[in-house]
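K.L.:
Next up is a structure, given as structure tokens.
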Amino acid sequence: MSFCFLASRLPLPSFASLLGMAGALETLCGQAYGAQQYQKIGVYTYSCMICLLLACFPISIVWFFTDKLLISIGQDPSISSIARKYSLFLIPNLFAHAILQSLMRYLLTQSLILPLLFCSLATLSFHIPICWLLVFHFNLKVVGAALALGMSYWLNVILLGLYIVFSPSCNKTQATFSMEAISSIGKFFRLAIPSAVMVCFEWWSYEIILLLSGLLPNPKVEASVLSICFSVTYLHYFIPYGLGATASTRVSNELGAGNPEAAKVAVKVVGVLGIIESVTVSAALFGCHNMLGYAFTSDTQIANHIASFWPLICLSILIDSFLGILSGVARGCGWQRVGAYVNLGSYYIVGIPMAAVLAFVVHLRVKGLWIGLVSGATLQSFLFALITTFTNWHKQALKARERVLEENTRQNLCPTSDSSIQL
1 MSFCFLASRL
11 PLPSFASLLG
21 MAGALETLCG
31 QAYGAQQYQK
41 IGVYTYSCMI
51 CLLLACFPIS
61 IVWFFTDKLL
71 ISIGQDPSIS
81 SIARKYSLFL
91 IPNLFAHAIL
101 QSLMRYLLTQ
111 SLILPLLFCS
121 LATLSFHIPI
131 CWLLVFHFNL
141 KVVGAALALG
151 MSYWLNVILL
161 GLYIVFSPSC
171 NKTQATFSME
181 AISSIGKFFR
191 LAIPSAVMVC
201 FEWWSYEIIL
211 LLSGLLPNPK
221 VEASVLSICF
231 SVTYLHYFIP
241 YGLGATASTR
251 VSNELGAGNP
261 EAAKVAVKVV
271 GVLGIIESVT
281 VSAALFGCHN
291 MLGYAFTSDT
301 QIANHIASFW
311 PLICLSILID
321 SFLGILSGVA
331 RGCGWQRVGA
341 YVNLGSYYIV
351 GIPMAAVLAF
361 VVHLRVKGLW
371 IGLVSGATLQ
381 SFLFALITTF
391 TNWHKQALKA
401 RERVLEENTR
411 QNLCPTSDSS
421 IQL
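Residue numbering for the sequence shown follows UniProt numbering, beginning at 1 and increasing consecutively.
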């Protein structure tokens with residue numbers, strides 16, 4: 001099971017690049033919505049779709065050679081073979097993911113949350129039975145999992161697309177596809193590239209830790225423990241990520257509207273919610289840490305081993321809550337370039353080197369890897385907190401207005417033509 005888990009995680013860095021690029025849309029669309037430049041939201045969404053779909057092609061080529069790449073860095077051939085098979089059948093999902101991320105940001109920046117919720121619930125209701133059928137009934141295993149994921153993603157894209165086309169809630173932000181969407185690609189890329197780098201630096205650090213775990217003695221036990229740690233923190237991260245998305249929307253909307261004080265209040269409110277949530281979850285997990293290992297495995301050795309990890313996992317949950325929220329604030333303000341530097345220093349100068357030393361020199365093995373990762377995340381959280389605390393919010397509001405309105409000046413000088421394709 002852990003080998004399948006490891007193999008299935010290997011395509012995640014590619015998804016991280018698309019997720020990161022789409023983060024630029026939170027800045028552009030959120031601030032445009034606050035400034036009541038509603039038509040720009042549809043234009044930016046088209047630009048995002050074009051860029052993300054183009055990015056899918058080189059990623060697909062890399063996935064064709066997944067096994068060779070993994071074997072060349074010393075990974076197990078059986079895991080490499082599974083990873084390649086999984087990646088190949090996941091390629092259709094990659095293109096769906098590109099469109100889905102664009103549509104989600106389009107709705108999110110307008111605070112249209114319920115459509116996202118209902119479409120996700122409908123997709124989940126479809127995904128569970130189709131995944132069971134393909135994986136177990138038809139015995140397709142990892143191939144079935146990849147196919148089910150792709151089908152579910154495309155269903156979500158269709159549902160969101162239908163809502164956007166037919167819902168009156170989106171009328172004022174719909175835009176015709178025109179050359180303006182093409183000309184906005186440069187503006188989108190100026191934020192999308194550092195945004196992708198920011199996310200990739202963070203996500204790739206986890207995958208590097210994953211690869212390092214394959215070099216440890218007794219890899220079966222070590223990989224199983226690491227997979228449980230990743231599973232717990234990954235499942236929890238959706239909560240702070242949602243809070244971060246809320247922070248991003250409120251901050252970008254208020255800055256675009258020229259309300260810096262309201263943006264500050266939004267950061268404080270979401271921060272308090274994050275503290276309450278993380279403390280509650282950490283306390284609950286720590287209170288029953290001796291039993292939770294058996295929820296993931298029946299192997300007594302692994303369950304006992306994971307019991308000693310729960311303090312570190314609880315600490316990770318606390319830090320993840322701060323990171324999810326502060327990263328959302330950074331996206332709302334347009335701090336992606338600064339965030340990229342923060343993540344580079346936190347993980348690649350501090351976190352990963354410390355993890356390698358603790359795991360292979362101090363011989364703490366997988367616990368050393370996790371301590372290094374937590375150390376990097378702690379530094380990252382501290383630096384983002386400093387930036388947020390000492391920022392000049394009035395200056396951020398001025399920058400947001402300039403970012404949104406600069407294109408109007410150019411359009412008055414060089415008006416563009418419209419076409420008939422509508423979002």
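Backbone N, C-alpha and C fix where the C-beta goes; we use that ideal spot for every residue, glycine too. Bear in mind that the values here come from a model prediction, so they are computed numbers and not experimental data.
Starting from V279, follow the alpha helix (DSSP H) in both directions and report where the run begins and ends.
P.N.:
First-last of the alpha helix (DSSP H) with V279: P260 to G287.
K.L.:
Could you tell me whether the Cβ atoms of I371 and L379 are closer together than 8 Å?
P.N.:
Contact flag unset, no.
K.L.:
Would you give the residue range spanned by the alpha helix (DSSP H) that P217 belongs to?
P.N.:
Premise fails: P217 is in no alpha helix (DSSP H) and is neither H nor E.
K.L.:
Does the distance from the C-beta atom of S224 to that of T297 stay below 8 Å?
P.N.:
Yes, the Cβ-Cβ distance between S224 and T297 is below 8 Å.
K.L.:
Can you tell me where the alpha helix (DSSP H) with Y153 in it begins and where it stops?
P.N.:
Y153 -> alpha helix (DSSP H) spans K141 to F166.
K.L.:
Give the DSSP bridge partners of T123, in chain order.
P.N.:
According to DSSP, which records beta bridges pairwise, T123 is partnered with nothing at all.
K.L.:
Report yes if the C-beta distance between A175 and V43 is below 8 Å; otherwise report no.
P.N.:
Yes, they are a contact pair.
K.L.:
If we ignore side chains and look at the alpha-carbon of each, how far apart do F189 and H289 end up?
P.N.:
Cα to Cα, F189 sits roughly 45 Å from H289.
K.L.:
With 16 other CB atoms within 10 Å as the buried threshold, where does I208 fall?
P.N.:
The residue in question, I208, is buried, as its Cβ has 16 or more Cβ neighbours within 10 Å.
K.L.:
Which ranges does the alpha helix (DSSP H) cover as unbroken runs of at least 4 residues, wholly within the region 63 to 99, from first to last along the chain?
P.N.:
With a minimum length of 4 residues, the continuous alpha helix (DSSP H) runs that stay inside the region 63 to 99 are 66 to 72.
K.L.:
Could you check what DSSP says for T389 in three-state terms: helix, strand or coil?
P.N.:
The answer is helix: DSSP assigns T389 an H, G or I state.
K.L.:
Among the residues of its own chain, which have a CB less than 6 Å from the CB of L134, if the five just before and after it don't count?
P.N.:
Cβ within range, chain order: L140, G144, L147 and A148.
K.L.:
Does the distance from the C-beta atom of residue 447 to that of V366 stay below 8 Å?
P.N.:
There is no way to answer for residue 447, as the model of the chain reaches only from 1 to 423.
K.L.:
Is DSSP giving T378 helix, strand or coil here?
P.N.:
The answer is helix: DSSP assigns T378 an H, G or I state.
K.L.:
Would V374 and L312 qualify as a contact pair, given that the criterion is a beta-carbon distance under 8 Å?
P.N.:
Closer than 8 Å, so yes.
K.L.:
Within 10 Å of its beta-carbon, does H305 have 16 or more other beta-carbons around it, so buried, or fewer, so exposed?
P.N.:
Buried: at least 16 other Cβ atoms inside 10 Å.
K.L.:
Under a three-way DSSP split, which group does S14 fall into?
P.N.:
S14: helix per DSSP, three-state reduction.
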